[in-house]
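Its first residue numbered 1, the first sequence is counted upward by one per residue in this note's numbering. In this text, a Cβ means the ideal position worked out from N, Cα and C, and glycines have one as well. The structure displayed is predicted, hence computed values, not measured ones. The next block holds one structure in the form of structure tokens; read it before the comments.
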Amino acid sequence: MNITAIIENGVINGVKNLYGEEVSPKQVTMNVTRKEFEGDYTVVTFPFTKIAKKKPDEIAQELGHFLVENITEINNFNVVKGFLNLSISDDFWKKFLLEITDNQDFGRQPANGRKVMIEYCSPNTNKPIHLGHVRNILLGWSCSQLYEAAGYEVVKVQVINDRGIAICKSMLAWQKFGNDATPESTGIKSDHFVGDYYVMFEKKFQKEYKAWQGSEEGMEIFHTKGKENQPEAGFFKIFKNTYFNEHSTLGKEAREMLMKWEANDPETMALWQKMNNWVYGGFEVTFNKLNIQFDKYYYESDTYLLGKDAVEEGLTKEVFYKKEDGSVWADLTDAKLDHKVVMRSDGTSVYITQDIGTAQSRYKDYGCEKMVYVVADEQNYHFQVLFEILKRLKEPYSDGLFHLSYGMVDLPSGKMKGREGTVVDADNLIEEVIGEAKAASSERGETAELPQAEQDEIIQKIGMAALKYHIIKVHPKRRMVFDPKESVDLQGQTGPHIQYAYVRVNSVIRKAHSIGLQRETWKSLVANYPNMQPIEKSLIGQLYRFPETILEAAEDFDPSTIAHFCYDLAKNFHKFFSELSILKAETEEARAFRLELCQSTANVLKTGMGLLGIEMPERM
RNA sequence: GGCCCCAUAGUUCAAGGGAUAGAAUAGUGGUUUCCUAAACCAUAGAUCCAAGUUCGAGUCUUGGUGGGGCUACCA
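Next comes the structure, spelled out in structure tokens:
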């Protein structure tokens with residue numbers, strides 16, 4: 001049984017024994033003892049004052065005696081201002097240490113037979129991956145790792161928005177202005193190549209629009225449709241969409257292309273396929289650099305017609321209603337949401353209809369009881385509506401729906417804006433952090449004698465750790481400020497700081513072997529180590545909390561908990577490392593114990609960082 | 001207008017209603033004959049405002065103030 005559960009039971013029994021009243025586990029408040037006090041766990045006795053009709057200090061004394069007498073794992077206590085600090089016996093900790101040193105899976109739960117689907121990333125095909133996607137990807141990936149560690153089977157999916165007017169814009173620009181250029185012929189990464197044509201379209205369109213604004217037609221429309229006193233610039237800003245749909249030559253061409261696409265025109269389809277493949281090829285390169293995978297891709301071109309059946313079904317079940325013009329709506333006002341259209345009067349579906357259909361078809365594909373959508377918080381309302389509709393349709397998985405809503409990423413200069421060119425591109429960013437790691441590494445020269453390929457791999461791991469950790473350490477819900485300068489920091493609360501703890505362990509173990517020490521020999525001495533130091537106890541205590549930390553993080557969909565756990569552990573390890581000698585310890589037993597402690601710390605750090613998608617180098 | 005989210009050192013982040021609000025970074029000062037100084041040690045610095053609930057509030061409630069988001073028969 002878990003030590004916290006043991007203490008909790010002990011306290012409940014103690015209160016019953018001493019004061020004759022039954023308390024619930026909820027009433028037992030327990031924390032890890034603060035490091036300035038002696039002890040491992042602290043019980044707060046204030047909640048029992050009414051029951052015991054005594055002062056907190058008195059209760060703490062009585063309870064402390066009771067626990068020490070009745071629970072073998074507790075061998076000491078002290079009381080400070082009503083806080084009962086309990087000390088766990090060295091034997092308990094040593095036994096625990098010996099249990100985990102050979103267990104590579106420590107912290108992971110056995111398979112529980114349950115299935116969860118996580119959708120994340122889901123980029124647009126006409127824009128390369130940027131910083132916002134990186135946060136999404138890291139959250140999605142680490143949540144999937146967390147759920148696997150918690151015993152679930154995880155299906156990782158993403159939706160590719162591969163159709164619609166936006167895609168036609170880049171196709172059209174390439175067709176008109178591309179002169180048969182290719183990523184190969186230009187040497188541009190293929191997703192960026194396509195993205196460039198999307199930007200080109202927007203530029204050409206702006207130019208066309210600008211010219212039109214000064215034309216007779218443009219001025220006439222401004223004068224007839226513009227409101228009184230409305231400035232010209234303001235009017236034309238709002239009018240842009242209408243211009244695209246009703247007046248623009250380029251807009252007309254793009255819409256014609258979309259119609260050809262919908263009609264399966266062979267030439268259009270071939271172009272569409274060619275350009276999409278360029279995009280996917282480029283994305284794949286970025287995904288590989290980020291070291292993430294997906295089990296299944298859903299393409300909107302396959303799914304955009306889904307959901308029409310659901311509309312019928314909803315009407316039959318009276319979840320939806322039909323207006324006179326034929327459009328179909330859901331009335332969600334009693335759930336404090338608004339009316340929501342699910343089918344237009346012309347019979348075509350809207351975005352949410354597609355989402356309903358996709359959810360249904362995914363459940364058919366995989367039968368997951370939980371479905372998680374990793375999507376930025378600007379879509380909170382959309383997901384509230386979607387989940388409410390699915391619930392009303394009585395979908396079997398509707399209780400397991402979760403929107404992992406995360407805050408957007410800002411720059412020190414403010415919001416990222418595509419139009420103003422302030423978007424941070426993922427490929428550039430990765431290149432930058434790796435460059436920084438390379439510079440720092442060559443300055444240290446610690447790995448200089450290794451083959452170049454190995455050095456490169458190490459640098460790669462360090463750079464990616466800096467970048468990933470910097471993002472994942474922030475609570476998902478929180479809007480975060482991303483300072484590129486800080487993201488390449490390699491010191492302090494960073495990924496490399498944690499990697500360095502792991503590297504130091506490796507180094508010590510290597511040295512131990514090189515002076516002829518054998519694991520089997522030292523392991524047998526651990527149990528005889530007599531006096532554990534406070535820093536050693538606190539390290540073991542941290543290791544002990546690893547499994548529960550994983551479970552909490554999974555339940556809350558919060559990888560930042562793991563990030564903080566790993567940092568605290570690494571920091572404490574560095575302190576331990578500088579305070580105490582390992583290979584030159586006072587006794588053989590002390591050396592043995594510390595080597596085992598090092599090894600376990602390294603194992604936990606590796607597993608923990610692995611959950612965040614961060615790899616550990618053996619040297620650095 | 002309505003609904004939702006956020007507010008903590010100069011800055012970037014922590015803190016399941018519990019002790020003296022932790023880190024990192026930037027600043028200042030120190031540590032290497034010994035296991036990798038990407039480390040360690042010391043120093044200084046913060047809960048937006050006002051009420052309320054509680055033995056106890058950064059955390060819960062109400063009201064302000066400031067910031068962000070959503071509120072399409074767009075996707």
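Going by DSSP, which residues form a beta bridge with residue i?
{"i": "Asn85", "result": "Thr42 and Asn78"}
{"i": "Ala52", "result": "In DSSP, Ala52 forms no bridge with anything."}
{"i": "Tyr304", "result": "Partner(s): none; Tyr304 has no beta bridge."}
{"i": "Ser349", "result": "Met343"}
{"i": "Phe320", "result": "Ala330"}
{"i": "Leu411", "result": "Gly414"}
{"i": "Phe117", "result": "In the sequence on display, residue 117 carries Met and not Phe. According to DSSP, Met117 bridges with Val155 and Met371."}
{"i": "Val481", "result": "Asp410"}
{"i": "Asn245", "result": "The partner list for Asn245 (beta bridge, DSSP) is empty, contrary to what the question assumes."}
{"i": "Asn124", "result": "Asn161"}
{"i": "Asp425", "result": "His130"}
Below 8 Å on the Cβ atoms is my guess for residue i versus residue j; work out the distance and round it to an integer in Å.
{"i": "Ile582", "j": "Val508", "result": "5 Å"}
{"i": "Gly613", "j": "Ile292", "result": "6 Å"}
{"i": "Gly418", "j": "Met480", "result": "Their Cβ separation, rounded to whole angstroms, is 19 Å, which puts Gly418 and Met480 out of contact at 8 Å."}
{"i": "Ser487", "j": "Ala465", "result": "Ser487 to Ala465, Cβ: 11 Å. No contact."}
{"i": "Val80", "j": "Phe46", "result": "Going by Cβ atoms, the distance from Val80 to Phe46 rounds to 13 Å, so no, they are not a contact pair."}
{"i": "Gly314", "j": "His192", "result": "The pair is not a contact, with the Cβ atoms about 42 Å apart (cut-off 8 Å)."}
{"i": "Gln533", "j": "Leu569", "result": "The Cβ separation is near 17 Å, so there is no contact."}
Which same chain residues, not among the five before or five after residue i, have their C-beta less than 7 Å away from its C-beta?
{"i": "Ala553", "result": "Leu146, Pro559, Thr561 and Ile562"}
{"i": "Val154", "result": "Val116, Ile118, Ser144, Tyr147 and Glu148"}
{"i": "Gln491", "result": "His497"}
{"i": "Gln61", "result": "Val79"}
Residue range of the beta strand (DSSP E) that residue i falls in?
{"i": "Asn31", "result": "Thr29 to Val32"}
{"i": "Leu404", "result": "Leu401 to Tyr406"}
{"i": "Tyr297", "result": "Lys296 to Tyr299"}
{"i": "Tyr373", "result": "Lys370 to Ala376"}
Determine whether the beta carbon atoms of residue i and residue j lie at a separation below 8 Å.
{"i": "Val505", "j": "Ala602", "result": "yes"}
{"i": "Val311", "j": "Leu393", "result": "no"}
{"i": "Met620", "j": "Val526", "result": "no"}
{"i": "Pro593", "j": "Tyr500", "result": "Position check: residue 593 holds Phe in this sequence, whereas Pro was assumed. For Phe593 and Tyr500, no; Cβs fall outside 8 Å."}
{"i": "Gly326", "j": "Ser345", "result": "yes"}
{"i": "Leu390", "j": "Ile356", "result": "yes"}
{"i": "Thr607", "j": "Gly107", "result": "yes"}
{"i": "Ser190", "j": "Trp278", "result": "yes"}
{"i": "Lys468", "j": "Gly495", "result": "yes"}
{"i": "Arg255", "j": "Ile165", "result": "yes"}
{"i": "Leu611", "j": "Leu539", "result": "no"}
{"i": "Ala111", "j": "Gly151", "result": "yes"}
{"i": "Phe482", "j": "Leu131", "result": "yes"}
{"i": "Gln354", "j": "Tyr304", "result": "yes"}
{"i": "Lys156", "j": "Phe383", "result": "no"}
{"i": "Leu337", "j": "Val385", "result": "yes"}
Starting from residue i, trace the alpha helix (DSSP H) in both directions and tell me its first and last residue.
{"i": "Val68", "result": "Pro56 to Asn70"}
{"i": "Ile12", "result": "Ile3 to Tyr19"}
{"i": "Gln460", "result": "Gln452 to Ile472"}
{"i": "Ala602", "result": "Glu588 to Leu611"}
{"i": "Glu153", "result": "Taken as a continuous stretch (DSSP letters only), Glu153 belongs to no alpha helix (DSSP H), being part of the beta strand (DSSP E) at Glu153 to Ile160."}
{"i": "Thr224", "result": "Glu216 to Lys225"}
{"i": "Lys485", "result": "Pro484 to Ser487"}
{"i": "Leu580", "result": "First-last for Leu580: undefined, no H or E at that position."}
{"i": "Leu490", "result": "Per DSSP, Leu490 belongs to no alpha helix (DSSP H) and is neither H nor E."}
{"i": "Thr186", "result": "Pro183 to Thr186"}
{"i": "Pro534", "result": "Pro534 to Tyr544"}
{"i": "Asp196", "result": "Ser190 to Gln213"}
{"i": "Lys94", "result": "Asp90 to Ile100"}
Near residue i, which residues of its chain fall below 8 Å by C-beta distance, leaving aside the five closest residues on each side in sequence?
{"i": "Tyr363", "result": "Met371, Glu395, Pro396 and Tyr397"}
{"i": "Ile74", "result": "Ile7, Gly10, Leu67, Val68, Leu86, Ser87, Ile88 and Ser89"}
{"i": "Ile71", "result": "Ile6, Ile7 and Gly10"}
{"i": "Thr42", "result": "Met30, Asn31, Val32, Thr33, Arg34, Phe83, Leu84, Asn85 and Leu86"}
CB-CB under 6 Å to residue i, same chain, minus the five flanking residues each way: which ones, in chain order?
{"i": "Val604", "result": "Leu543 and Phe546"}
{"i": "Phe236", "result": "Gln213"}
{"i": "Phe205", "result": "Leu250"}
{"i": "Trp174", "result": "Tyr197"}
{"i": "Val328", "result": "Val311, Phe320, Lys322, Val342 and Met343"}
{"i": "Asn76", "result": "Ser87"}
{"i": "Ile430", "result": "Lys289"}
{"i": "Gln109", "result": "Ala150 and Gly151"}
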